[in-house]
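Student:
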Amino acid sequence: MLEVEAYRQLAHRALDRPIVRVDAPDAWFLKGGIGPSDVIDALTGRQFGADRRIGKLLLLDVVDGPTLGVRFGMTGRLLVDGDAAIDRLEYSSDRNDPAWDRFGLTFADGGRFVVRDPRRLGAIELDPDESRLGPDAGSITTGQLAVVLGDSEAPLKARLLDQARIAGLGNLLVDEILWRAGLDPARPARSITPVERRRLRRRIVSTVAELGERGGSHTGDLQVMRSRDGVCPRDGAPLQRRTVGGRTTYSCPVHQPSQQR
Ligand SMILES: [Zn+2]
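Per numbering that gives the first Met the number 0, residue 0 is the first one in the sequence shown, and the count goes up by one each step.
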């Protein structure tokens, strides 16, 4: 999500520039039942009028046309006029191989908008269903967070990763937030007390803002300790490594206890 916010800012440079050519060489990358001709017809001769983001989804509204949705997965990058917003991604390659260009637009001024993705985990959509995304994590309210957690027995971490409930948090970011909030990722969501919920909301909003400033979800304080012999940067306890919500999870058994204290 932090990376996608950087891409949104970069994509701002693509507004108000007539699109003269659309390259969609990879049909796999087009999702929602569309093919290359649909994207070419929808975009050629038009221009973007606005850039938006919900969670990890970049949205570009076409003037008198549909909305282009871009998903970057874990390895996708955006380049506008050859510039990338982020030098490197945690899971991606630093190499810039044009063979990884899954989608491209050429503007009338000769500039280009390119989605480059070695592992093809991202996607291009037209008019993506925005109602299927929960509220954006960066500005979530305590009331909205109460709805996210609900009365569920599911692990706290699984609820926070569910993009339909709260949009924008990935694996590294959730671990960092819960470490900062002192909450065990495996605790049932329903066991979170109102006091803990308020603390969690503050940590979500502040961590998203802080790591966004630093340059991405891999810049958290816990990050360097995500290894088999990692220790808690706060209290020195050996970190616990588990699978929670289907994802590799690091947490501190001392200050993120499995029971509320
Ligand atoms: Zn600790």
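The C-beta atom is built at its ideal place from N, Cα and C for all residues, glycine as well. Just so it is clear, the structure is predicted and the values come from calculations on it, not from any experiment.
Does the beta-carbon distance from Pro-35 to Ala-49 come in below 8 Å?
Tutor: Cβ distance not < 8 Å, so Pro-35 and Ala-49 don't count as in contact.
Student: What does the Cβ neighbour count give for Gly-137, buried or exposed, with the cut at 16 atoms within 10 Å?
Tutor: It is buried - the Cβ of Gly-137 has at least 16 other Cβ atoms within 10 Å.
Student: Can you find a heavy atom of ligand 1 that lies under 7 Å from the Cβ of His-217?
Tutor: Outside the cutoff, so no.
Student: For Arg-227, which option in Thr-218, Tyr-249, Leu-210 has the closest C-alpha, if you only look at C-alpha atoms?
Tutor: If we check each option's Cα against that of Arg-227, Tyr-249 comes out closest.
Student: To the nearest angstrom, how far is it from the Cα of Thr-206 to the Cα of Thr-141?
Tutor: Approximately 16 Å, taken between the alpha carbons.
Student: Just how far apart, CA to CA, sit Ala-157 and Asp-96?
Tutor: Cα-Cα distance, rounded: 35 Å.
Student: Taking only heavy atoms of ligand 1 into account, decide whether any of them is closer than 7 Å to the Cβ of Ala-41.
Tutor: No - ligand 1 has no heavy atom lying nearer than 7 Å to the Cβ of Ala-41.
Student: Taking the alpha-carbon of Met-73 as reference, which of Leu-168, Arg-196, Gly-244 has the nearest alpha-carbon?
Tutor: Considering only alpha carbons, the answer is Leu-168.
Student: Terminal residues of the continuous alpha helix (DSSP H) containing Gly-142?
Tutor: Unbroken alpha helix (DSSP H) run through Gly-142: 141-148.
Student: According to the neighbour-count rule (16 or more other Cβ atoms, all chains shown, within 10 Å of its Cβ), is Glu-152 buried or exposed?
Tutor: Answer is exposed; the Cβ neighbour count stays below 16.
Student: Can you find the residues in the same chain that come closer than 7 Å, C-beta to C-beta, to Gly-81, ignoring five residues on each side of it along the sequence?
Tutor: Cβ within range, chain order: n/a, list empty.
Student: Compute the beta-carbon to beta-carbon distance between Ala-166 and Gly-133, rounded to the nearest angstrom, for a pair I have assumed lies under 8 Å.
Tutor: Contact holds; Cβ gap of about 5 Å.
Student: Quick one: residues in its chain with C-beta nearer than 6 Å to the C-beta of Leu-1, no 5 flanking neighbours on either side, listed in chain order?
Tutor: So the list reads Leu-210, Gly-211, Gly-215, Ser-216, once near-sequence residues are dropped.
Student: For Val-240, verify whether its CB is less than 7 Å away from any heavy atom of ligand 1.
Tutor: The sequence as given places Arg at residue 240; Val does not occur at that position. Because no heavy atom of ligand 1 lies under 7 Å away, the Cβ of Arg-240 does not count as near it: no.
Student: Measuring only from the beta carbon, is Asp-234 closer than 7 Å to any heavy atom that is part of ligand 1?
Tutor: True, at least one ligand heavy atom lies under 7 Å from that Cβ.
Student: Assuming contact is defined by CB atoms lying nearer than 8 Å, are Arg-279 and Ala-185 in contact in what I supplied?
Tutor: There is simply no residue 279 to check, as the chain begins at 0 and stops at 260 in what is shown.
Student: Is the separation between the beta-carbon of Leu-59 and that of Phe-47 shorter than 8 Å?
Tutor: Yes. Within cutoff.
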